[in-house]
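Engineer:
There are 2 protein chains.
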Amino acid sequence: MARWEPGAPERLQKAALELFATRGFEQTTATEIAQSVGLTERTFFRHFSDKREVLFYGQHQFAQAFLAGVDTAPPGATPIEIVACALQSAAAFFPKERRPYSRTRQSVIDQNPALQERERHKLASLAATLADALRARGVDELAATLAAQTGVTVFGIAFTQWIREGEQRSLADIAAEVLRQLLTLTATATTSEMIP
Amino acid sequence: MARWEPGAPERLQKAALELFATRGFEQTTATEIAQSVGLTERTFFRHFSDKREVLFYGQHQFAQAFLAGVDTAPPGATPIEIVACALQSAAAFFPKERRPYSRTRQSVIDQNPALQERERHKLASLAATLADALRARGVDELAATLAAQTGVTVFGIAFTQWIREGEQRSLADIAAEVLRQLLTLTATATTSEMIP
C-alpha cells in the first residue's frame, strides 16, 4: 500500500512551478518534479493525472469559493448581484501574499499552449458549475448561462490586472470595478436602436 | 511539385465530418479521410496542420465576418453597438442551409475533449481579434476586452440554441435576442447596492 505523504500535492505544486519557471514546462518531467522534493514519480501520479494538472491543484477549492459566494447572496438577489457575491468570495481566495506565486504561475501558463488549453478548460467548467448554482436558485436557463459566463469573464480580466507588475489594489476591488465597467458599458446600449 | 487540388480543403472537411460522425474522431485517421475522397495523406497535411484542424477550416473567414461587422458600425457607435453589428455580420455566415452541417459538426466536437480544446482556443483567438478591432476604433483597453468577450459569449450561447433540434429562428435573430437578454440582465444591476 502506498505511504501517505503529508502535504505532498502542495510540495509538488511548488516544486513544479519553480522548475517550469526556470527550465520550461516541456523540459521538466514529472519524475524530476517528484525527485526535487524527495518523492517518487508514482506519488506524483497518485495526486495528478498528468504534468499539466499539477499547476491546477486547488482548482476545486477555487470553484467552491465561487459557490460559497452564491450562497451568501440574499433570496431576492438578481443573477448579476449573485455573480457579484460569487466574485467577491472567489477574490478572497487570492490574498495579497499569493500575488507573486500567481504571477509566476500565469507566466508559465501563458508560455505554453498545452497549459493554456487546460486553463481554458478549467474556466469553462467553472462557468458551467456557476450556471448550475444559479439555476438551482431558480434563475432561468439563459439568464443563468449569461450571468455565469459574465462572472467568469469579469474574473479573468480582473485577475490579469491583479497580477500586473505595480498593481496594488486587491483582487476584490479590481473585480468590482471591472463588473461596474461592464454594467456601464451595457447600460449605454439598452435603448440603442442599433440593436435589433 | 505538388499538384493543385481544386476544392480539396472543402472535400476533406466534408469527408472528415462524415467519418468522425459515423466512426468517431479517434478511430479515423487523416489517411482514411484523404483516401475517402481520392486524395493522399500528404495533400491532407498540406491543408491542415493536424487532424483536429480539418473541422475548423473556414475559421478565418468566420473571424473576418465579425470584423466586417465592426466596420459597418457608424463612427459614434458604443462598444456594445459595435459588437451588435459584428454579431449580425457573423450570424450571416451561418445561413439556414448550414444548420444540419453545423449540428453534426458540434456533436462531434462535444464528444471529444481534444476538439473542445481546439474550439475554445479558436474562440479565445476570436475574442482577442475582436478586441483589437475595437481598440483600433478608439475603444479603451478594458472596454474593448469586455465588449469583445461579451460578443463571443453571446455568439456561443446563440449558436448552441440555433443548432437545437426544432429551432426555426435565424442565428441573427437568436443572437440579437441573447444580447437583449444580457442587456436586460445587467440593466437591473446598475443601481444595485450589492455591487461594491
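Protein sequence lines, in the order shown, are assigned to chains B and X.
FYI, the working numbering numbers position 123 of the first sequence as 885, with every residue one higher than the one before it.
FYI, the working numbering numbers position 52 of the second sequence as 814, with every residue one higher than the one before it.
Glycine included, each C-beta is placed from N, C-alpha and C at the ideal position.
(1) At least one CB of chain B closer than 8 Å to the CB of residue 850 of chain X: is that the case?
(2) Using CA atoms only, rank isn't needed, just tell me which of X:882, X:923, X:865, X:909 is closest to residue 892 of chain X.
(3) Please identify, using Cβ separations under 7 Å, the residues of the stretch 864 to 889 of chain B that lie next to chain X, in order along the chain.
(4) When the cut-off is 8 Å and only beta carbons count, does residue 926 of chain X lie next to chain B?
(5) Could you tell me which chain X residues have their CB closer than 8 Å to the CB of residue 954 of chain B, listed as they occur along the chain?
(6) Just to confirm before moving on: does the CB-CB distance between residue 942 of chain X and residue 957 of chain B stay below 8 Å?
(7) Mapping DSSP to helix, strand and coil, what is residue 907 of chain B?
(8) Determine the burial state of residue 843 of chain X: buried for a count of at least 16 other Cβ atoms within 10 Å of its Cβ, exposed for fewer.
(9) Three or more C-beta pairs under 8 Å: does that hold for the stretch 797 to 804 of chain B against the stretch 812 to 830 of chain B?
(10) Can you tell which of B:915, B:944, B:818 has the C-alpha that lies nearest to the C-alpha of residue 776 of chain B?
(11) Specify, as a first and last residue, the run of the alpha helix (DSSP H) that residue 841 of chain B falls within.
(12) Could you name the residues of the same chain whose beta carbon sits closer than 7 Å to that of residue 885 of chain B, not counting the 5 residues immediately before and after it, in chain order?
(13) Just checking my contact of residue 837 of chain B with residue 901 of chain B at CB under 8 Å: how many whole Å lie between their CB atoms?
(14) Sorted by chain position, which residues of the same chain lie with C-beta nearer than 7 Å to residue 814 of chain B's C-beta, five sequence neighbours on each side aside?
(15) Assign residue 851 of chain X to one of two classes, buried (16 or more other C-beta atoms within 10 Å of its C-beta) or exposed (fewer than that).
(16) Please list, in chain order, the chain X residues whose beta carbon lies closer than 7 Å to that of residue 920 of chain B.
(17) Tell me which residues share the same chain as residue 828 of chain B and place their Cβ nearer than 6 Å to its Cβ, disregarding the 5 neighbours each side in the sequence.
Structural biologist: Based on what the coordinates show:
(1) Looking up residue 850 of chain X in the second sequence gives position 88. True, the Cβ-Cβ gap to chain B drops below 8 Å.
(2) What you label residue 892 of chain X is simply residue 130 of the second sequence in a count that begins at 1. For the residues X:882, X:923, X:865, X:909, the minimum Cα distance to residue 892 of chain X belongs to X:909.
(3) Listed by position along the chain: 879, 882, 883, 886.
(4) Here the question's residue 926 of chain X lines up with position 164 in the second sequence. The beta carbon of residue 926 of chain X sits no closer than 8 Å to any beta carbon of chain B.
(5) The residue you call residue 954 of chain B lines up with position 192 of the first sequence. What residue 954 of chain B touches in chain X: 840, 842, 843, 846.
(6) Against the second sequence, residue 942 of chain X aligns to sequence position 180. Against the first sequence, residue 957 of chain B aligns to sequence position 195. In this structure, residue 942 of chain X places its C-beta atom within 8 Å of the C-beta atom of residue 957 of chain B.
(7) Here residue 907 of chain B refers to the residue found at position 145 of the first sequence. Residue 907 of chain B falls in the helix class under three-state DSSP.
(8) The residue given as residue 843 of chain X occupies position 81 in the second sequence. It counts as buried.
(9) Between the stretch 797 to 804 of chain B and the stretch 812 to 830 of chain B, the count of C-beta pairs closer than 8 Å stays below three; the two stretches do not touch.
(10) For the purposes of this step, residue 776 of chain B is taken as residue 14 along the first sequence, with counting starting at 1. It is B:818 whose Cα lies nearest to the Cα of residue 776 of chain B.
(11) Position 79 of the first sequence holds residue 841 of chain B. Element bounds for residue 841 of chain B: 841 to 853.
(12) On the first sequence, position 123 is the one that residue 885 of chain B refers to. For residue 885 of chain B, the CB contacts under 7 Å within the same chain, skipping 5 residues up- and downstream, are 914, 918 in chain order.
(13) Sequence index remark: in the first sequence, residue 837 of chain B carries index 75 (1-based). Sequence index remark: in the first sequence, residue 901 of chain B carries index 139 (1-based). Not really, about 12 Å apart at Cβ, beyond 8 Å.
(14) For the purposes of this step, residue 814 of chain B is taken as the residue at position 52 of the first sequence. Residues of the same chain with a CB within less than 7 Å of the CB of residue 814 of chain B, apart from the 5 flanking positions on each side, are 876, 877, 880 in chain order.
(15) For the purposes of this step, residue 851 of chain X is taken as the residue at position 89 of the second sequence. Residue 851 of chain X comes out buried.
(16) Counted from its first residue, the first sequence places residue 920 of chain B at position 158. Per Cβ cutoff of 7 Å: no residues; residue 920 of chain B is ~10 Å from chain X at best.
(17) By one-based count along the first sequence, residue 828 of chain B stands at place 66. In the same chain as residue 828 of chain B, and ignoring 5 residues on each side of it, the C-beta atoms closer than 6 Å to its own belong to 848, 852, 892, in chain order.
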